[in-house]
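Letter 152 of the sequence shown, counting from 1, is numbered 136 in this note's numbering, and no numbers are missing.
Glycine is no exception: its CB is placed at the ideal position from the N, C-alpha and C atoms.
As structure tokens, the structure follows; a few thoughts come after it.
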Amino acid sequence: MGKRRSRSQSQLLSTLTKKQKKHLRDFGEEHPFYDRVSRKEAKPQICQLSESSDSSNSENESDNEPEQVSGYHKLLATLTHASEEEEEEDDEEEEEDEEEDDVVDDADVNDEDDGSDVSVEEETESTEIQEDVAVSGNPEGKDGGEPPGASQKSPEEFTDGKHEALFSLETNFLEEQSGDSCSLKASQDPFLQHVNKELKEKEVQAVATNPKTTHQLKWPILGQLVFSSKFQKLETFKPPKDIDLQSLHLQKPLESTWTKTNSQFLSGSPKSSGSFTPLQKELFLIMNSYRDLFYPERTALKNGEEIRHVYCLHAINHVLKANAQVLGNNSRRRSQKLGVGDDDDFRDQGLTRPKVLIVVPFREAALRVVQLFISLLEGDSKKKIIVSNKKRFQGEYGSDPEERPPNLKRPEDYDAVFVGNIDDHFRIGVAILQRSIRLYAPFYSSDILIASPLGLRTIIGGEGEKKRDFDFLSSIELLIIDQADIYLMQNWEHVLHLMNHMNLLPLDSHGVDFSRVRMWSLNNWSKYYRQTLLFGALQDAQVNSLFSQHCSNLQGQVAVRNVPMTGSISHVLVQLPHVFQRMETENLSSVIDARFNFFINKILPQYRDAVMSHTLIYVPSYFDFVRLRNYFKKEELNFTHICEYTQKSGVSRARHFFLQGEKQFLLLTERFHFYKRYTIKGIRNLIFYELPTYPHFYSEICNMLQATNRGEEATWTCTVVYCKYDAQRLAAVVGVERAAQMLQSQKNVHLFITGEK
-15 MGKRRSRSQS
-5 QLLSTLTKKQ
5 KKHLRDFGEE
15 HPFYDRVSRK
25 EAKPQICQLS
35 ESSDSSNSEN
45 ESDNEPEQVS
55 GYHKLLATLT
65 HASEEEEEED
75 DEEEEEDEEE
85 DDVVDDADVN
95 DEDDGSDVSV
105 EEETESTEIQ
115 EDVAVSGNPE
125 GKDGGEPPGA
135 SQKSPEEFTD
145 GKHEALFSLE
155 TNFLEEQSGD
165 SCSLKASQDP
175 FLQHVNKELK
185 EKEVQAVATN
195 PKTTHQLKWP
205 ILGQLVFSSK
215 FQKLETFKPP
225 KDIDLQSLHL
235 QKPLESTWTK
245 TNSQFLSGSP
255 KSSGSFTPLQ
265 KELFLIMNSY
275 RDLFYPERTA
285 LKNGEEIRHV
295 YCLHAINHVL
305 KANAQVLGNN
315 SRRRSQKLGV
325 GDDDDFRDQG
335 LTRPKVLIVV
345 PFREAALRVV
355 QLFISLLEGD
365 SKKKIIVSNK
375 KRFQGEYGSD
385 PEERPPNLKR
395 PEDYDAVFVG
405 NIDDHFRIGV
415 AILQRSIRLY
425 APFYSSDILI
435 ASPLGLRTII
445 GGEGEKKRDF
455 DFLSSIELLI
465 IDQADIYLMQ
475 NWEHVLHLMN
485 HMNLLPLDSH
495 GVDFSRVRMW
505 SLNNWSKYYR
515 QTLLFGALQD
525 AQVNSLFSQH
535 CSNLQGQVAV
545 RNVPMTGSIS
555 HVLVQLPHVF
565 QRMETENLSS
575 VIDARFNFFI
585 NKILPQYRDA
595 VMSHTLIYVP
605 SYFDFVRLRN
615 YFKKEELNFT
625 HICEYTQKSG
635 VSRARHFFLQ
645 GEKQFLLLTE
655 RFHFYKRYTI
665 KGIRNLIFYE
675 LPTYPHFYSE
685 ICNMLQATNR
695 GEEATWTCTV
705 VYCKYDAQRL
715 AAVVGVERAA
725 QMLQSQKNVH
735 LFITGEK
């Protein structure tokens, strides 16, 4: 915490609270964490400081020019009066802060055995800390709390006043011994090249009309890559055979900690060279060039953790560089007197502090991301970093292995996806500074936000809602969406809603110093500087649309476009004829109605006979499921249904009736199969209303026919409905060559394929 100035200057700011006066004297702006909004309305007051005041080097102006109002005075004009009760409370709070400052100044925070993280954990547990932005169980609080960033004081608000100074960028300066400033001075640093690149007005205006230029290139591990950009210049590069950690411009201490953190993958990969596996090397080269990346071959069993390690390295490297630039400029501003025209040299931040947003589906994934951050900052160093609220975080995001029933038999990919805490409603802010990590930081005091789509949706809100906030998304420079395919099984609308609110101009200033904000952020061009990293397990039209429509990085986009040569039909183990029936449709918007009409007029009449009993209808979309269920009820067909909302007792009854033949049809949704993976017994006839989202679900459903082998193999049937817009899903099931042949035919194709053991 900076030195306190003389109290003689406080007489000039008599209308402000003492905490506001202290921060104004020290830093020339109000700190958003200590902002207090009075409920009483008052006229704005403009306070003028004397020339001897050194609270802000950029606000000194002569008395002869009163008409010129600086940004500092404009900020003061937005402050309101505090009531007398609030001033009395502030007096008590400042006395407590002075006592805490003395304790912090006397203590050595870097002592390796001081147990500082333990004391923070005990403090947070004893005070029952609750932060509206950080706590996912009750996003609006018990009494309807304020949205994130709301500047009110309450007993439940997360304060952590003891360590606030450690994580505030305004009150810290770059350590000379750390050597962080050396890497930022390098002209070849991709971070500096990206954030310092200036766009012109003509280039931005031409983005809407410029055609997208593409270039294809094949890399050894990633395979077929498609480079694209709407900006005029498109530069592609080939991966070098060997890379050096120093050439990657990693911020300290990442150069020394990355090798140990990533050692588990290096030992099992014989082709790995240096500190990266071959896959990590190619992925990080694209990430470090600040291009958008879409990698659709991320699987929980094969390379999920390997990819998580490399994008966490990129995220923490970006945050450390950005914070080092701010802290370095803080030191420069403190050490020299600056003129009014020199402020442009210190534009080093956005309109809000959060820089990185990591979207993950479950709490377990958030837990692993935070553990990686701690490991990357700590490494094998004997000095442990300070992690505030670590015990609380492990309690809320960890899991008990004994909670999972031991007798469940599920596929390996299911166990890999649904491991640990699978709660999908959470959000947490992480502040990182030097050798300290603060968990559960308020969003507007955080560097990294980790959240699920549902957790963000409850904050962002919708049109017309009073309690909504999305200003914390205004200055996101790095967006990482991991396991995008799972969001298709949760609620894809939440992801689209998030993307529609990315990099919008904030509705409030949130205490920002506009003299430090980059010009491209003030011009509302942040979306052209945001890097988006998208990882998933499949090529899907909705995910492809998200990447193409919502990613406008000036550095360009890179998408991995490998076509599947062999489909999942090769994994079918039963002797089964597969009939693929093609339906015709005029355009994409009419596919839903055309599929329904084709099914009830062409497919369903073939199965109405009692001989075609035990028919399972697999429906990927829940909306199609509801439509079919209503039609079956209207026609009074003998059927039962199972969806993701069916209770356990209803599922048991439906499975029993279908197995015994009491119900001729069984409607099954894809999301139920995704979350439960039950084996449905008694299937004799299969109908895929639409091709599955996950290709391996096709073989899993087909292999269920052998669950009850009663010598009925000769009567088994499998019918699939597809159209020309199902090209990606069709190729994933039957292979790209056979899919091309089926799509080229203009007539309805009945293709018989017999699987072999």
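Cβ neighbours of Ile270 in the same chain (closer than 8 Å, five flanking residues each side left out):
In the same chain as Ile270, and ignoring 5 residues on each side of it, the C-beta atoms closer than 8 Å to its own belong to Leu277, Val542, in chain order.
Inter-stretch contact (C-beta, 8 Å, three-pair minimum) for the region 426 to 439 and the region 673 to 692:
No, the region 426 to 439 does not touch the region 673 to 692.
List the DSSP bridge partners of Trp203.
DSSP lists Gly207 as the bridge partner or partners of Trp203.
Supposed contact pair Leu457 and Asn487 - C-beta distance, whole angstroms, cut 8 Å:
Here Asn487 really is in contact with Leu457; their C-beta atoms are around 7 Å apart, less than 8 Å.
Where does the unbroken beta strand (DSSP E) through Leu742 begin, and where does it stop?
Because the chain spans -15 through 741 in this model, residue 742 falls outside it and cannot be assessed.
Quick one: what does DSSP say Tyr424 is sitting in, helix, strand or coil?
When secondary structure is reduced to three states using DSSP, Tyr424 falls in the coil class, being assigned neither helix nor strand.
Among Phe215, Leu232, Lys217, whose alpha-carbon lies nearest the alpha-carbon of Pro223?
Per the Cα distances, Leu232.
Which of the three DSSP states, helix, strand or coil, is assigned to Tyr706?
Strand at Tyr706.
Is the beta carbon of Glu239 closer than 8 Å to that of Leu229?
Yes, Cβ-Cβ distance for Leu229 and Glu239 is below 8 Å.
Measuring straight from C-alpha to C-alpha, what distance separates Thr516 and Cys702?
Between Thr516 and Cys702, the C-alpha separation is close to 40 Å.
Residues near Tyr615 by beta carbon distance below 7 Å, same chain, minus five either side:
Short of 7 Å from the beta carbon of Tyr615, and not among the five residues preceding or following it, lie these beta carbons of its own chain, in chain order: Ile584.
Rounded separation between Glu570 and Arg611 - CA only
CA-CA distance, Glu570 to Arg611, rounds to 21 Å.
Using the beta-carbon count (16 or more within 10 Å), is Asn180 buried or exposed?
Flag for Asn180 reads exposed.
Candidates Glu266, Gly258, Ala192: closest to Pro204 by CA position
Cα-wise, what sits closest to Pro204 is Glu266.
Do the region 488 to 504 and the region 526 to 533 meet, that is, are 3 or more Cβ pairs less than 8 Å apart?
With the cut-off at 8 Å, the region 488 to 504 and the region 526 to 533 do not touch.
Using only the alpha-carbon positions, how far apart do Val191 and Leu588 sit?
Going from the Cα of Val191 to the Cα of Leu588 covers about 49 Å.
Quick check: the region 438 to 445 against the region 400 to 417, are there 3 or more CB pairs under 8 Å?
Touching, yes, given that three or more Cβ pairs across the two stretches are closer than 8 Å.
C-alpha distance - Arg592 paired with Thr624, whole-angstrom precision
Rounded to the nearest angstrom, the two C-alpha atoms are 15 Å apart.
Evaluate Val595 with the Cβ neighbour count: other Cβ atoms within 10 Å of its Cβ, from every protein chain shown; 16 or more gives buried, anything less gives exposed.
Exposed is the call here.
Give every residue of the same chain whose Cβ lies closer than 8 Å to the Cβ of Pro338, excluding the five residues on either side of it in the sequence, and list them in chain order.
Correct list, in chain order: Gly413, Phe427, Tyr428, Ser430, Asp431, Ile432, Leu433, Phe456, Leu457, Ser459, Ile460.
Through-space distance from Gln728 to His298, alpha-carbon basis
Here the alpha carbon of His298 sits roughly 43 Å from the alpha carbon of Gln728.
Do you know offhand how far Tyr381's Cα is from Ser359's?
About 17 Å.
Do Tyr659 and Ile601 come within 8 Å of each other at the CB atom, strictly closer than that value?
In terms of Cβ geometry, Ile601 and Tyr659 do not form a close pair [threshold 8 Å].
Inter-residue Cα distance where the pair is Gln742 and Phe330:
Any property of residue 742 remains undetermined from this structure, which presents the chain solely from -15 to 741.
Thinking Arg419 and Leu361 are a contact (beta carbons under 8 Å), I'd like their distance in whole angstroms, please.
With a Cβ gap of about 7 Å, Arg419 and Leu361 count as contacting.
With a threshold of 6 Å on Cβ separation, who are the neighbours of Val344 within its own chain once the five nearest residues in sequence on each side are excluded?
If we look at Val344 and ignore the five residues flanking it on each side, its Cβ neighbours are Ala350, Asp466.
What is the DSSP secondary structure of Thr701, reduced to helix, strand or coil?
DSSP places Thr701 in strand when its eight states are reduced to three.
Pairwise C-alpha distance: Thr197 and Leu480:
About 25 Å.
Using the DSSP secondary-structure output, state which residues sit across from Asp276 in a beta bridge.
According to DSSP, Asp276 shares a beta bridge with Gln541.
Where Asn272 falls, given that 16 or more other Cβ within 10 Å makes a residue buried
Taking all protein chains shown into account, Asn272 has 16 or more neighbouring C-beta atoms within 10 Å of its C-beta and is therefore buried.
Determine the closest residue to Arg808 out of Glu646, Asn301, Val354, with distance taken between C-alpha atoms.
Examination of residue 808 is not possible in this model, given that the chain is present from -15 through 741 alone.
DSSP three-state assignment for Tyr629, whether helix, strand or coil
In the structure shown, Tyr629 sits in coil (DSSP, three-state: anything other than H, G, I, E or B).
Cβ shell of Ala638 (< 6 Å), same chain only, five flanking positions each side left out
Excluding sequence positions up to five before and after Ala638, its CB lies within less than 6 Å of the CB of Thr624, Ile626, all in the same chain and listed in chain order.
Going by Cα to Cα distance, which pick from Leu621, Glu619, Pro679, Ser597 is closest to Ile667?
Comparing Cα-Cα distances from Ile667 to each of Leu621, Glu619, Pro679, Ser597, the minimum goes to Ser597.
Beta-bridge pairing of Ser213 - partner residues as DSSP gives them
Answer by DSSP bridge pairing, in chain order: Thr197.
Pop quiz: Ile470 and Tyr295 are said to be a contact at Cβ under 8 Å. What is the actual Cβ separation, rounded to whole angstroms?
About 16 Å separates the two Cβ atoms, so there is no contact after all.
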